[in-house]
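Only one structure is covered here, and it is reproduced in the block below.
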Amino acid sequence: MADTTVKIDDTTRDRLKALADGAGMSMKDYLAHVAAEKEQEHLQDSATAAFRRAITASGIVDRFDAEFGGLPAATGRENPQAA
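Going by the working numbering, the sequence shown opens with residue 82, and the numbers climb by one from there.
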């Protein structure tokens with residue numbers, strides 16, 4: 082893959098360089114890492130939005146419960162906590 086140049090202001094370059102140095106990465110590797118993280122966040126946001134649309138669709142919860150048996154019986158502890 083060929084490299085390219087992106088024009089950014091000195092302040093932004095310095096901030097990115099400091100972050101890359103702090104992560105023990107080159108600027109090139111750091112920016113690739115950040116791009117991959119942002120892509121993953123976008124995919125998760127899209128999946129979350131699709132899930133929310135699905136569970137708010139009319140009758141979906143009833144159909145899910147019919148197919149999978151609904152929620153398990155209550156244990157008497159609404160907010161279980163570790164010791």
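No residue lacks a Cβ here, since even glycine has one placed at the ideal position from N, Cα and C. Quantities reported herein were computed from a predicted structural model and do not represent experimental measurements.
- Straight through space, the alpha carbons of Gly-103 and Asp-146 are spaced by roughly 49 Å.
- In the three-state reduction of the DSSP assignment, Ser-107 falls in the coil class, being assigned neither a helical nor a strand state.
- Cβ atoms of Lys-98 and Met-108 come within 8 Å of each other, at about 6 Å.
- Assignment of Leu-112 by DSSP, reduced to helix, strand and coil, places it in the helix class.
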